[in-house]
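**Student:** I'd like to ask some things about the structure below.
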Amino acid sequence: MSAPSISVQLSIHPPRFTPGSQPPPSLSITATSHATQPITIFTWPEIFNLALAQRRKNFTCLNLTTNTAIRLETTKGPKRTAFSQASGGRDDKAFVTLEPEIPVTFTDSFKLGIAQGERCRVEPGHRYRFGVNEGEEIWWWQYGRKEDVMKSPDSAGMDEPSGLPIALDNVAPVEFEVEGSE
1 MSAPSISVQL SIHPPRFTPG SQPPPSLSIT ATSHATQPIT IFTWPEIFNL
51 ALAQRRKNFT CLNLTTNTAI RLETTKGPKR TAFSQASGGR DDKAFVTLEP
101 EIPVTFTDSF KLGIAQGERC RVEPGHRYRF GVNEGEEIWW WQYGRKEDVM
151 KSPDSAGMDE PSGLPIALDN VAPVEFEVEG SE
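Printed below as a string of structure tokens:
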């Protein structure tokens, strides 16, 4: 059986902002499963964990004004213990069920819009294109709802996924503009 497909849509709100503005701009990813039954995905090392993914090599950003790439990777990620599929365990919140054809949206602050001063990597008056890095995929997923795939609280490790990784291809990038300070 082949892996189900998931369509992904990015959005940045508002698409025009001043670095450090309040409230800060947000980055959202909407995932829609096209499987014929519910699937549960593990989001910790994937683009759906937006707090971590924005600091790793999961996304790309191009300054359209100067046609130069913006380096986004600031960490490879924290060192951590093995992943756990235990219900109520440390990774419990990283397991998310996608019902067929029902969009699920993941949202976090847009890190490029928060940084100020020396940490700011975007320039006022410039336009940018932000997208998902080529080759992104969901490496762990299983058929069933979260309550069906989670293991007992005293369990360790992860069961095998239900199939091959789910490729996250053809995700349209979004554009945003940085306004000058007021």
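The opening position of the sequence shown corresponds to residue 1 in the UniProt record's numbering, with each subsequent residue numbered one higher. Backbone N, C-alpha and C fix where the C-beta goes; we use that ideal spot for every residue, glycine too. As the structure is a prediction and not an experimental result, all values here were calculated from the model.
Find the nearest neighbour of L164 within the set S33, V171, T107 and Q142, judged by alpha-carbon distance.
**Tutor:** Q142
**Student:** Under 8 Å between the Cβ atoms of L72 and Q85?
**Tutor:** no
**Student:** Measuring CA to CA, which of I41, V8, I47 and L62 is closest to V122?
**Tutor:** L62
**Student:** Can you round the beta-carbon distance between residue 183 and P153 to whole angstroms, since I take them to be within the 8 Å contact cut?
**Tutor:** Since the first residue shown for the chain is 1 and the last is 182, residue 183 is missing from the structure and cannot be characterised.
**Student:** Just how far apart, CA to CA, sit S11 and A35?
**Tutor:** 23 Å
**Student:** For N170, which of N133, T107, G157 and P161 has the nearest alpha-carbon?
**Tutor:** N133
**Student:** Looking at T18: is its Cβ nearer than 8 Å to the Cβ of E179?
**Tutor:** yes
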